[in-house]
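*Asks:* So for the sequence shown, this note's numbering puts the first residue at 491; every next one is plus one.
We treat Cβ as the ideally placed atom computed from N, Cα and C, and that holds for glycine.
Model, not experiment: these values are computed from the prediction.
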Amino acid sequence: MRNKILSALFSLALFAGVTTAAVPAAAQGNPIKIGAILPLTGSGASYGVWMKGGAEMAAEEINAAGGIAGRKLEVIYEDHAADASKAVNAMRRLVEVEKVPFSLTSYSSPTLAVQPIAVQNKVVIMNGGGQSDNLANKDYLYNNIPVVSNEVGVIAEWLAKDKKLGSAVLIVANDEAGRNAAKTFREKYGAAGGKVLAEEQVALDATDFRAQLAKLKARGGDLLFISSYGRNVSIIADQARELGITIPMAGTSWILVPETMKSKGAEGILTTRLPFDPDSAFARKFKEKYKTDAGFFAVQYYSATKIFARAAEEAIKKNGGALTGEGVKNAIESIRTFDTISGKLVFQANHGAVMDIEVGTLKGGKVVVEKIIKAAP
491 MRNKILSALF SLALFAGVTT AAVPAAAQGN PIKIGAILPL TGSGASYGVW MKGGAEMAAE
551 EINAAGGIAG RKLEVIYEDH AADASKAVNA MRRLVEVEKV PFSLTSYSSP TLAVQPIAVQ
611 NKVVIMNGGG QSDNLANKDY LYNNIPVVSN EVGVIAEWLA KDKKLGSAVL IVANDEAGRN
671 AAKTFREKYG AAGGKVLAEE QVALDATDFR AQLAKLKARG GDLLFISSYG RNVSIIADQA
731 RELGITIPMA GTSWILVPET MKSKGAEGIL TTRLPFDPDS AFARKFKEKY KTDAGFFAVQ
791 YYSATKIFAR AAEEAIKKNG GALTGEGVKN AIESIRTFDT ISGKLVFQAN HGAVMDIEVG
851 TLKGGKVVVE KIIKAAP
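(1) Report yes if the C-beta distance between isoleucine 725 and isoleucine 745 is below 8 Å; otherwise report no.
(2) If you run the structure through DSSP and keep just helix, strand and coil, what is alanine 603?
(3) The alpha helix (DSSP H) spanning arginine 676 covers which residue range?
(4) Are the CB atoms of valine 659 and arginine 669 nearer to each other than 8 Å?
(5) So what's glutamine 691 in DSSP terms, helix, strand or just coil?
(6) Can you list the beta strand (DSSP E) stretches of 3 or more residues lying completely in the segment 804-858, in chain order?
(7) Give, in chain order, every unbroken run of the alpha helix (DSSP H) that is at least 4 residues long and sits entirely within the segment 753-801.
(8) Less than 8 Å between the C-beta atoms of tyrosine 719 and glycine 560, yes or no?
(9) Would you tell me roughly how many angstroms separate the C-alpha atoms of glycine 815 and valine 604, rounded to the nearest one?
(10) Report yes or no: do three or more beta-carbon pairs, one from the segment 730-750 and one from the segment 762-782, lie closer than 8 Å?
(11) What did DSSP end up calling leucine 714 once you bin it into helix, strand or coil?
(12) Shortest alpha-carbon distance to proline 748 belongs to which of Val857, Leu733 and Ile716?
(13) Would you mind working out which of Val844, Ala821, Ala784 and Gly810 sits nearest alanine 802, comparing C-alpha positions?
(14) Residues bridged to serine 593 by DSSP?
(15) In this structure, does DSSP put alanine 663 in helix, strand or coil?
(16) What's the call for alanine 646, buried or exposed, on a 16-neighbour Cβ count within 10 Å?
(17) Asparagine 624 and glutamate 666 - do their beta-carbons sit closer together than 8 Å?
(18) From the DSSP secondary-structure annotation, give me the bridge partner or partners of asparagine 633.
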């Protein structure tokens with residue numbers, strides 16, 4: 491009798507094990523985990539507030555609506571602090587420990603550093619903040635933001651032709667994004683008839699730029715172009731004015747962080763802005779939730795999270811309830827066009843997106859738009 495009971499129990503356990511393994515994960519109710527490698531500390535922490543907040547809001551909405559194929563979405567946040575090596579460590583943990591099929595990424599250097607890991611492990615990564623041209627045409631990497639050549643090309647031509655600013659000096663963050671933007675500016679500005687007189691490189695996390703600014707001041711020019719981002723832009727602007735640099739300053743939408751928008755020295759800076767309505771329902775909800783104004787990058791990471799959810803639903807449907815990075819990639823390639831709160835987003839063949847680009851002047855903490863450059867079809 492004892493042997494029969496043991497045999498029956500063994501058979502039941504074996505049956506239960508086989509049954510559990512055969513049931514799709516969706517039916518088991520396990521949460522879907524994705525990563526988010528963001529600048530949560532350091533000079534770009536203001537971006538991190540927007541990026542994390544946008545992703546959190548999207549995840550909350552997705553879960554309130556029933557999740558993804560009946561499963562809750564869980565976002566695991568990692569901090570790269572603008573350091574590519576930290577991003578690599580974060581990506582390895584997400585892949586090896588959390589087994590994510592997808593991760594949000596940010597900044598050019600950290601995203602480029604983790605992309606080989608994504609390919610090796612067939613994990614989709616989506617960048618909504620970095621804009622280096624080198625981010626295009628990378629396997630398993632999608633960018634729901636234009637590469638820098640589009641945006642810098644627009645402002646370079648606008649400054650040279652519309653604003654009649656024929657010569658420029660550049661202060662450049664010595665990293666992938668800063669150097670790439672400066673290279674594109676030199677090319678596009680020169681093609682529009684402008685001339686770059688001098689260039690000084692600076693560390694992204696530096697706080698004293700007076701020596702470099704003094705050298706640029708001595709070279710003259712009609713314009714100081716700031717090829718940098720994060721809170722150091724506000725410091726550069728303030729120190730430039732302290733040194734008596736009175737020529738106009740300009741930069742891309744990267745400069746539009748709270749520190750710069752409140753900076754006295756940055757008043758009047760010429761800039762681009764990517765599509766964002768500061769008076770939208772999303773912006774009001776963000777401010778109510780986080781007690782701070784929303785920015786473009788909040789929308790970017792909200793949209794990127796929603797894009798993942800749409801692709802994951804499709805992948806699960808096509809793969810019998812299973813969710814893999816390869817399935818998400820195939821779904822993105824199949825769908826291509828996604829509805830977002832900024833309008834329709836189409837991933838191009840190079841895995842990047844195109845958007846309208848606004849140009850204008852920073853006045854009183856807001857961008858006064860002068861012109862909208864429509865995205866090429």
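*Replies:* From the atom records:
(1) Residue 725 sits at position 235 when you count from the first residue of the sequence shown. Residue 745 sits at position 255 when you count from the first residue of the sequence shown. Result no, Cβ atoms of isoleucine 725 and isoleucine 745 do not sit closer than 8 Å.
(2) Here residue 603 corresponds to residue number 113 of the sequence shown, with the count starting at 1. It is helical.
(3) Position 186 of the sequence shown, counted from the first residue, corresponds to residue 676. First-last of the alpha helix (DSSP H) with arginine 676: 666-681.
(4) Translated into positions along the sequence shown, residue 659 becomes position 169. Translated into positions along the sequence shown, residue 669 becomes position 179. No.
(5) For the purposes of this step, residue 691 is identified with residue 201 of the sequence shown, where counting begins at 1. Glutamine 691: strand per DSSP, three-state reduction.
(6) 827-830, 833-836 and 847-853
(7) 771-780
(8) Here residue 719 refers to the residue found at position 229 of the sequence shown. Here residue 560 refers to the residue found at position 70 of the sequence shown. No, the pair does not count as a contact, with Cβ atoms beyond the cut-off.
(9) Locating residue 815 in the sequence shown gives position 325, where the first residue counts as 1. Locating residue 604 in the sequence shown gives position 114, where the first residue counts as 1. Distance between the alpha carbons of glycine 815 and valine 604 is about 15 Å.
(10) yes
(11) If you number the sequence shown from 1, residue 714 lands on position 224. Reduced to three states, the DSSP call for leucine 714 is strand.
(12) In the sequence shown, counting from the first residue as 1, residue 748 sits at position 258. With distances taken between Cα atoms, proline 748 lies closest to Val857.
(13) Here residue 802 is taken as the residue at index 312 of the sequence shown, counted from 1. When each option's Cα is compared against that of alanine 802, the closest is Ala821.
(14) Numbered from its first residue, the sequence shown carries residue 593 at position 103. For serine 593, which the question treats as bridged, DSSP gives the partners Gly525 and Ile615.
(15) Taking the sequence shown and counting its residues from 1, the one referred to as residue 663 is at position 173. Here alanine 663 sits in strand by DSSP.
(16) Taking the first residue of the sequence shown as position 1, residue 646 is located at position 156. Under this definition alanine 646 is a buried residue.
(17) Taking the first residue of the sequence shown as position 1, residue 666 is located at position 176. Taking the first residue of the sequence shown as position 1, residue 624 is located at position 134. The answer is yes: Cβ separation under 8 Å.
(18) Your numbering for residue 633 matches position 143 in the sequence shown. Answer is Asn617, bridged to asparagine 633.
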